[in-house]
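Quick notes on the structure that follows.
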Amino acid sequence: MSNRAFLTAVAEETDAGLVDRLRLLEELKAAASAAQARIAVALDASVRGAHAQAGIPPEHQGRGVAAQLALARRESPARGGRILGFANALGKEMPCTLRALSEGIISEWRATLIVRETACLSVEDRSTVDREVAGDPALLEGLGDRRLIARIRKLTYRIDQQALVRRAAKAAADRYVSCRPAPDTMTYLTGLLPVAQGVAVYAALSRAADSLRARGDTRGRGQIMADTMVERITGQARADRVPLEVQLVMTDRTLLSGSGEPAHLQGYGIVPAGSARAAAALAASSGDSNPGVMPGGSSAAPLGGSSAAPLGGSSAAPLGDRAAPSLPDNTASHPRDVAAEVAGPAGLWLRRLYTAPGSGDLVAMDSKARYAPESLARFIETRDQFCRTPWCSAPIRHRDHVRAHRSGGSTDTANLQGLCEACNQAKESPGWTAAVMESTARPPIGRFPERHTVEITTPTGHSYRSMAPPLPA
């Protein structure tokens, strides 16, 4: 049925018919999820068998399967690993849950809850819980998430009381800290900690806030706690004195003409044009005398067009305490205040980079070394922003060659890409290849390159293209 025919049928349907359609589609989604799980198990078994025949060590057999699943489902590699684990649990250890999913009795999310809550059990005990929870479809009818979890945990404790202890130990081993952007040039800094440690940290920050407030500090309690956390973690005397380096990419139009085109701030994302101009003005007030020198001494002359002057080259100029010079007339005072507050007196380093006009691709750099020098590594991180694998938004951990160095690949901007650790390992699996698109690597003379594009080919012959995100141009 075409999309138009479907919309016509929906428009002519009664309310009861619309509800029936929704229910059928929900059951179809669940059945499709079960089919995907079975396919994932089959692919994993096939690849592992091929790897075993090729003499690959057992600990490396199956490498790259999760990445293939992620690409096929347009998910991140981390999500691909969870998809494969979920599929193997259903296909090998939990037949009742898989059948309930296939018949549309439970959703993929509730099947995930059953798998997750039984992960701490042995295979035998997990099968027991699977039968008792999902063996009778009638028992699943009407169960919401919380009731389902409560039932599983009750059964788990009855079968294996130590399972909850092991679960708690695993949770403690999975502690981590993450940082992600928040609205209005803020960030969420999150720490998943064992309960005793988390409570201790919060209590220490609370005591510090109460003490300072008692001595007349005018900041709010939450502000003091946030500032104290920064000061104690970084070792700075004041939270606003943390030394930073900001890689700001903007065009000449944004800088000089009062354009509303936003800039890109490395590690954060898009920032308003006014704030970008204010930050640039603060940098200029520091007396940068050599705007065309890259760290390490290499020059970076502008390649015509959009050179983003005076953000020329890629120098790193400290922001001092001088007053900012005058800005374009349509730059409000508020963005400058924001920039000054961000810069603070600690020394904010503004790294300035060129983009090619139109494409937004950064101007090239190269090196004869196998490992990218610091300036080139920073260049790649600014251009790529996040891991270049399609649908992966993990932070860049490796600046790796698209064509391997051992195969004659050069160490330059065309042949380097930013990858997370998992994706860099996946591309080393048997059968994976990657190549830089020709229009990116060698543009016609007199023309700027298109945005950097890499074509990834998996062992099954499927190809995916990864284009560097656009920067201001």
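Start counting the sequence shown at 118; every next residue gets the next number (my numbering).
From the three backbone atoms N, C-alpha and C, an ideal C-beta is built for every residue, glycine too.
From Ser239 to Gly202, what distance separates their C-alpha atoms? To locate residue 239, count along the sequence shown from 1; it is residue 122. To locate residue 202, count along the sequence shown from 1; it is residue 85. Rounded to whole angstroms, Ser239 to Gly202 spans 15 Å at the Cα level.
In chain order, each alpha helix (DSSP H) run of at least 4 residues that lies wholly inside the region 209-237: Entirely contained in the region 209-237, the alpha helix (DSSP H) runs reaching 4 residues are, in chain order, 212-219, 225-234.
Classify Pro194: buried if its beta carbon has 16 or more other beta carbons within 10 angstroms, exposed otherwise. In the sequence shown, residue 194 corresponds to position 77, counting from 1. Buried is the call here.
Would you decide whether Thr506 is buried or exposed? Buried here means 16 or more other CB atoms lie within 10 Å of its CB. Position 389 of the sequence shown, counted from the start, is the residue given in the question as residue 506. Classification of Thr506: buried, given that the 10 Å Cβ count is 16 or more.
Go to Pro254, then tell me how far its alpha helix (DSSP H) extends in each direction, as first and last residue. Indexing the sequence shown from 1 puts residue 254 at position 137. Note, Pro254: alpha helix (DSSP H), 254-257.
Where Val519 falls, given that 16 or more other Cβ within 10 Å makes a residue buried: As a first step, residue 519 is located in the sequence shown; it is residue number 402 there, counting from the start. Flag for Val519 reads buried.
Taking the C-alpha atoms as reference points, what is the distance between Pro435 and Asp357? Residue numbering aside, residue 435 sits at position 318 when the sequence shown is read from its first letter. Residue numbering aside, residue 357 sits at position 240 when the sequence shown is read from its first letter. Since pLDDT at Pro435 reaches only 38, below the 50 mark, its modelled position is unreliable, and no value is offered.
Per-residue DSSP class, three states only, for Cys540: Position 423 of the sequence shown holds residue 540. Looking at Cys540 - three-state DSSP - the assignment turns out to be helix.
Beta carbon of Gly198 nearer than 8 Å to that of Ala147: Along the sequence shown, one-based indexing puts residue 198 at 81. Along the sequence shown, one-based indexing puts residue 147 at 30. For Gly198 and Ala147, no; Cβs fall outside 8 Å.
I need the boundaries of the beta strand (DSSP E) containing Arg297, first residue and last residue. For the purposes of this step, residue 297 is taken as the residue at position 180 of the sequence shown. Where Arg297 is concerned, the enclosing beta strand (DSSP E) stretches over 293-299.
Counting along the chain, where does the beta strand (DSSP E) carrying Asp517 start and finish? Here residue 517 refers to the residue found at position 400 when the sequence shown is read from its first residue. Where Asp517 is concerned, the enclosing beta strand (DSSP E) stretches over 515-518.
Classification of Val232 by the beta-carbon crowding that lies within 10 angstroms, buried from 16 upward: As a first step, residue 232 must be located in the sequence shown, where it is residue number 115. Burial call: buried.
Own chain, CB closer than 8 Å to Asp247, minus 5 neighbours either side, in chain order: For the purposes of this step, residue 247 is identified with residue 130 of the sequence shown, where counting begins at 1. Around Asp247: Glu210, Met211, Pro212, Cys213, Thr214, Ile231, Thr235.
Closest to Ala151 by C-alpha separation, out of Gly134, Arg283, Arg227, Ala331, would be which residue? What you label residue 151 is simply residue 34 of the sequence shown in a count that begins at 1. Closest by alpha carbon: Arg227.
Identify the continuous alpha helix (DSSP H) that holds Leu142 and give its terminal residues. By one-based count along the sequence shown, residue 142 stands at place 25. Counting along the chain, Leu142 sits inside the alpha helix (DSSP H) bounded by residues 132-170.
Three-state secondary structure assigned by DSSP to Gly535: The sequence position of residue 535 within the sequence shown is 418, counting from 1. Looking at Gly535 - three-state DSSP - the assignment turns out to be strand.
Output the distance between the C-alpha atoms of Val76 and Pro576, rounded to the nearest integer angstrom. Nothing about residue 76 can be reported from this structure: the residues present for the chain run from 118 to 590 only.
Once the 5 residues before and after Leu329 are set aside, which same chain residues still bring their CB inside 7 Å of it? The residue given as residue 329 occupies position 212 in the sequence shown. Cβ neighbours of Leu329 beyond the five flanking positions: Ile341.
At the level of alpha carbons, what is the spacing between Val164 and Glu545? Residue numbering aside, residue 164 sits at position 47 when the sequence shown is read from its first letter. Residue numbering aside, residue 545 sits at position 428 when the sequence shown is read from its first letter. So the two alpha carbons sit approximately 15 Å from each other.
For Ala638, the three-state DSSP class (helix, strand or coil): The requested residue 638 is not part of the displayed model; the chain covers only 118 to 590.
Determine the extent of the beta strand (DSSP E) in which Gly308 is found, giving its start and end residues. Indexing the sequence shown from 1 puts residue 308 at position 191. Counting along the chain, the unbroken beta strand (DSSP E) around Gly308 starts and ends at 303-309.
Can you give me the C-alpha to C-alpha distance between Thr304 and His515, rounded to a whole angstrom? Residue numbering aside, residue 304 sits at position 187 when the sequence shown is read from its first letter. Residue numbering aside, residue 515 sits at position 398 when the sequence shown is read from its first letter. In a straight line, the C-alpha of Thr304 is about 23 Å away from that of His515.
Cα-Cα separation, Glu143 to Glu258: Along the sequence shown, read from residue 1 onward, the residue named residue 143 stands at position 26. Along the sequence shown, read from residue 1 onward, the residue named residue 258 stands at position 141. In this structure, the straight-line span from the alpha carbon of Glu143 to that of Glu258 is close to 15 Å.
Looking at the unbroken alpha helix (DSSP H) that takes in Thr574, where does it start and where does it end? On the sequence shown, position 457 is the one that residue 574 refers to. Segment 570-574 is the beta strand (DSSP E) holding Thr574; no alpha helix (DSSP H) there.
Do you know how far the Cα of Arg500 is from the Cα of Thr570? Taking the first residue of the sequence shown as 1, we reach residue 570 at position 453. Taking the first residue of the sequence shown as 1, we reach residue 500 at position 383. If you take the alpha carbons of Thr570 and Arg500, they lie about 12 Å apart.
Which value, in whole angstroms, describes the spacing of the CA atoms of Gly315 and Leu281? Counted from its first residue, the sequence shown places residue 315 at position 198. Counted from its first residue, the sequence shown places residue 281 at position 164. Our two residues, Gly315 and Leu281, have alpha carbons roughly 20 Å apart in a direct line.
Apart from the five residues on each side of it in sequence, which residues of its chain come closer than 7 Å, Cβ to Cβ, to Ala299? As a working note, residue 299 is residue 182 in the sequence shown. Tyr305.
In whole angstroms, give me the CA-to-CA distance for Ala494 and Asn205. The residue given as residue 494 occupies position 377 in the sequence shown. The residue given as residue 205 occupies position 88 in the sequence shown. For Ala494 and Asn205, the distance between alpha carbons rounds to 38 Å.
Is Asp277 helix, strand or coil when you go by DSSP? In the sequence shown, the residue the question calls residue 277 occupies position 160. If DSSP states are grouped into helix, strand and coil, Asp277 belongs with coil.
In whole angstroms, what is the alpha-carbon distance linking Ala290 and Glu567? Counting from one through the sequence shown, the residue named residue 290 turns up at place 173. Counting from one through the sequence shown, the residue named residue 567 turns up at place 450. About 44 Å.
Could you give the first and the last residue of the continuous alpha helix (DSSP H) run that contains Arg121? The residue you call residue 121 lines up with position 4 of the sequence shown. From DSSP, the alpha helix (DSSP H) with Arg121 extends over 120-129.
Do you know how far the Cα of Glu130 is from the Cα of Leu597? Only positions 118 to 590 of the chain appear in this structure, which leaves residue 597 out of reach.
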